[in-house]
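Numbering (the UniProt record's numbering), first residue to last: 1 to 174. The block underneath contains the structure these notes are about, expressed in structure tokens.
Okay, here's the thing in structure tokens:
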């Protein structure tokens with residue numbers, strides 16, 4: 001998905017972009033992301049004095065794996081998009097990247113490639129530890145059964161090894 005500098009300069013009201021983007025690399029890189037539908041992009045770009053500002057929203061639907069019980073579930077993602085770009089000459093790109101303000105991206109050439117920035121925003125919108133439900137009980141640490149679906153009779157009492165002798169002291173033999 002590309003945005004032309006010339007289109008930005010010629011349209012004083014800005015350029016509106018409605019498109020969809022496939023992000024197959026994001027699925028490959030994230031183990032808990034099982035599938036990702038195309039990302040619907042709704043952006044508006046304006047140019048002023050060599051600075052292109054692109055703002056809008058992104059939305060998609062992801063299939064994630066719950067980090068506690070390993071069940072796959074569907075999750076809607078919405079993310080804001082706001083980036084600033086500065087057009088620079090090809091031979092000055094390396095210098096511009098080193099000296100440019102952190103929130104502005106130098107771009108050489110006639111096009112701004114937006115797909116990497118869309119991918120970055122979607123990656124940041126993904127939950128760090130996805131849960132299909134806030135009260136997910138997870139898996140039994142002994143037998144591995146999904147505790148949301150059934151219960152088990154495994155003994156899961158954990159005793160701190162430093163206090164194990166003290167626990168034995170208080171045990172009563174009957």
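Using N, Cα and C, we set each Cβ at its ideal position, and we do this for glycine too.
Span separating the alpha-carbon of residue i from that of residue j
{"i": "residue 155", "j": "residue 140", "result": "10 Å"}
{"i": "residue 13", "j": "residue 3", "result": "15 Å"}
{"i": "residue 105", "j": "residue 11", "result": "21 Å"}
{"i": "residue 161", "j": "residue 171", "result": "16 Å"}
{"i": "residue 108", "j": "residue 1", "result": "16 Å"}
{"i": "residue 174", "j": "residue 150", "result": "With a pLDDT of 45 at residue 174, under the threshold of 50, the modelled position of this residue cannot be trusted; read the value that follows with caution. If I take the Cα positions, the gap works out to 33 Å."}
{"i": "residue 23", "j": "residue 82", "result": "19 Å"}
{"i": "residue 118", "j": "residue 138", "result": "32 Å"}
{"i": "residue 89", "j": "residue 25", "result": "30 Å"}
{"i": "residue 40", "j": "residue 60", "result": "6 Å"}
{"i": "residue 166", "j": "residue 159", "result": "10 Å"}
{"i": "residue 5", "j": "residue 110", "result": "6 Å"}
{"i": "residue 157", "j": "residue 114", "result": "52 Å"}
{"i": "residue 8", "j": "residue 103", "result": "20 Å"}
Selection from the options that minimises the alpha carbon distance to residue i
{"i": "residue 36", "options": "48, 54, 58 and 51", "result": "58"}
{"i": "residue 55", "options": "87, 157 and 15", "result": "15"}
{"i": "residue 131", "options": "74, 19 and 8", "result": "74"}
{"i": "residue 20", "options": "28, 27 and 38", "result": "38"}
Any non-hydrogen atom of the ligand PLP closer than 6 Å to residue i Cβ
{"i": "residue 73", "result": "The ligand PLP is absent from the structure shown, which contains no ligands of any kind."}
Same chain, Cβ closer than 6 Å to residue i, neighbours up to 5 away in sequence not counted
{"i": "residue 72", "result": "34, 63 and 65"}
{"i": "residue 85", "result": "52, 105, 107 and 112"}
{"i": "residue 17", "result": "43"}
{"i": "residue 168", "result": "none"}
Cβ neighbours of residue i in the same chain (closer than 7 Å, five flanking residues each side left out)
{"i": "residue 152", "result": "140, 143 and 145"}
{"i": "residue 136", "result": "66, 68, 69 and 148"}
{"i": "residue 129", "result": "67"}
Same chain, Cβ closer than 8 Å to residue i, neighbours up to 5 away in sequence not counted
{"i": "residue 125", "result": "58, 77, 78 and 79"}
{"i": "residue 122", "result": "23, 26, 36, 39, 58, 60, 77 and 79"}
Q. Does the count of Cβ pairs from the segment 26-40 and the segment 62-71 closer than 8 Å reach three?
A. In this structure the segment 26-40 lies against the segment 62-71, because at least three pairs of beta carbons, one per stretch, are closer than 8 Å.
**Q.** Cβ contact (3+ pairs, closer than 8 Å) linking the segment 47-55 and the segment 71-79
**A.** Two segments are said to touch when three or more pairs of C-beta atoms, one from each, lie closer than 8 Å; by this definition the segment 47-55 does not touch the segment 71-79.
Q | Segments assigned alpha helix (DSSP H), at least 4 residues, entirely inside the segment 40-117 | A | DSSP runs (the alpha helix (DSSP H)) wholly in the segment 40-117: 93-99.
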